[in-house]
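Undergrad:
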Amino acid sequence: MISIIIPVLNESENIAGLATEIDSVMTVLDREYEVIFIDDGSTDGTLDELKRIAGSTVRYLSFSRNFGKEAAIIAGLENAHGEAVIIMDGDMQHPPSMISEMIEQFEAGFDQVVAKRNRAGEPLSRRLPSTLFYRLMNFTSTVRLVDGEGDFRLISRKVVDAILLLSENNRFSKGIFEWVGFNKTVIEFDHIDRGSGRSTFNPLKLLDYAIDGISAFNHRPLRICFYLGLAVFMVSIAYILYMFVSILINGVEVPGYFTIIASLLLLGSIQLFSLGMIGEYVGRIYVETKNRPKYIVRESSESETEQGGQHETKQYNK
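Read in full-length UniProt numbering, the sequence shown has 11 at position 11, and its numbers run on one by one without any break.
#1: Give me the Cα-Cα distance between residue 39 and residue 163, rounded to the nearest whole angstrom.
#2: If the criterion is Cβ atoms closer than 8 Å, does the pair residue 232 and residue 270 meet it?
#3: Exposed or buried, which one is residue 302 when buried takes at least 16 other CB atoms within 10 Å?
#4: Let's see if you can read the secondary structure: which residues bound the beta strand (DSSP E) around residue 152?
#5: With DSSP as the reference, please indicate the residues paired to residue 60 in a beta bridge.
#6: Can you tell which of 93, 76 and 92 has its C-alpha closest to the C-alpha of residue 86?
#7: With a Cβ-Cβ cutoff of 8 Å, do residue 297 and residue 42 count as a contact?
#8: Report the three-state DSSP secondary structure of residue 302 (helix, strand or coil).
#9: Look at the alpha carbon of residue 55 and the alpha carbon of residue 21, and state the distance between them as a whole number of angstroms.
#10: To which residues does DSSP link residue 226 through a beta bridge?
#11: Kindly indicate which three-state DSSP category residue 330 falls into: helix, strand or coil?
#12: Check for me: the alpha helix (DSSP H) holding residue 51 runs from which residue to which?
#13: If we call anything under 8 Å between Cβ atoms a contact, is residue 225 one with residue 263?
#14: Quick check: residue 79 and residue 15, are their CB atoms within less than 8 Å of each other?
#15: Report the partner residues of residue 112 according to the DSSP bridge assignment.
#16: Which residues in the same chain have their Cβ closer than 6 Å to the Cβ of residue 94, if we skip the five residues on either side of it in sequence?
#17: Helix, strand or coil for residue 84, going by three-state DSSP, please let me know.
#18: Rounded to a whole number of angstroms, what is the C-alpha to C-alpha distance between residue 166 and residue 235?
Shown next as structure tokens:
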């Protein structure tokens with residue numbers, strides 16, 4: 001069986017067409033499959049549409065509120081029964097036609113088959129922030145991310161089980177996929193515009209996403225703060241020695257306000273940046289110690305209320 005999990009947020013206009021396209025592909029492949037839609041607290045008619053299309057091959061989970069895409073992905077993985085799981089978006093930008101090639105590579109022995117998006121058709125307003133994000137991530141993180149490689153991928157049951165062993169609440173799936181390892185291959189696809197609706201992603205969310213990714217996998221930013229503080233300290237010592245020698249040679253001069261103000265602004269900004277970075281890590285520790293569930297399911301196609309975050313070993317259909 002192949003499981004296809006699709007996190008959705010206000011995608012009522014796209015999900016029926018997406019389910020139809022997936023069914024057409026899987027019918028040609030003659031493979032047993034299930035599609036699991038995860039409604040991440042939608043406020044439009046997404047849930048009603050999911051109820052309408054639910055059936056033997058289409059299931060859904062509906063969260064009690066918006067818990068975020070990371071929670072939706074882990075919910076899908078925890079409820080998937082297949083020997084391989086495909087993760088894709090519900091906005092029609094991840095073409096179902098790629099599924100057949102993914103399965104082919106999986107049967108060839110790859111545990112991760114990653115669909116890499118060609119950004120040639122994307123507007124500069126979206127392409128530039130994404131490029132900066134990946135460069136920043138690779139500079140500060142211990143895992144290597146590739147621009148264009150996102151959540152759209154097939155992962156084997158071994159990879160799924162490895163991911164479910166990771167219990168942290170602050171998750172960053174792109175990094176987790178790389179961290180768990182296993183043999184991987186990449187296939188490319190061209191950029192596709194949204195089917196319908198409007199994207200909820202914006203530059204501020206991209207910045208938050210970058211902070212989540214940077215702080216989720218390493219403490220290098222804290223070390224950068226240490227080195228930055230050390231560098232400022234060394235410059236300050238050198239400046240003090242320079243001024244001391246200058247006073248001995250030239251006598252005492254009237255200090256300038258510019259030097260004082262500039263120094264205060266520089267040191268103050270460095271201190272605030274460092275405190276903010278430390279606060280980010282402390283906040284994450286605080287959230288982890290609460291051990292709250294990653295998501296709460298309000299309703300599902302099985303009509304069961306459940307809480308996510310506690311993984312149990314299951315017997316999966318092969």
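Positions of the beta carbon are idealized from the N, C-alpha and C atoms, including for glycine.
TA: Reading off the structure:
#1: Each residue's alpha carbon lies about 21 Å from the other.
#2: With a cutoff of 8 Å on beta-carbon distance, residue 232 and residue 270 are scored as near each other.
#3: Per the 10 Å Cβ criterion, exposed.
#4: 149–156 is the extent of the beta strand (DSSP E) around residue 152.
#5: In DSSP, residue 60 forms a bridge with 37.
#6: Measuring C-alpha to C-alpha distances from residue 86 to each of 93, 76 and 92 identifies 76 as the nearest.
#7: No Cβ-Cβ contact shorter than 8 Å links residue 297 with residue 42.
#8: Look at residue 302 here: in three-state DSSP terms it is coil, with no helix or strand label.
#9: Straight-line Cα distance between these residues: approximately 15 Å.
#10: Bridge partners of residue 226: none, in fact.
#11: Nothing about residue 330 can be read from this structure; the chain reaches only from 1 to 318.
#12: It spans 46–53 - the alpha helix (DSSP H) in which residue 51 sits, taken as one unbroken run.
#13: No. Outside cutoff.
#14: Taking C-beta atoms as the reference points, residue 79 and residue 15 fail to come closer than 8 Å.
#15: Under DSSP, residue 112 forms a beta bridge with 155 and 184.
#16: For residue 94, where only same-chain residues beyond five positions count, the Cβ hits under 6 Å are 88 and 152.
#17: The answer is strand: DSSP assigns residue 84 an E or B state.
#18: When rounded, the distance between both Cα atoms is 43 Å.
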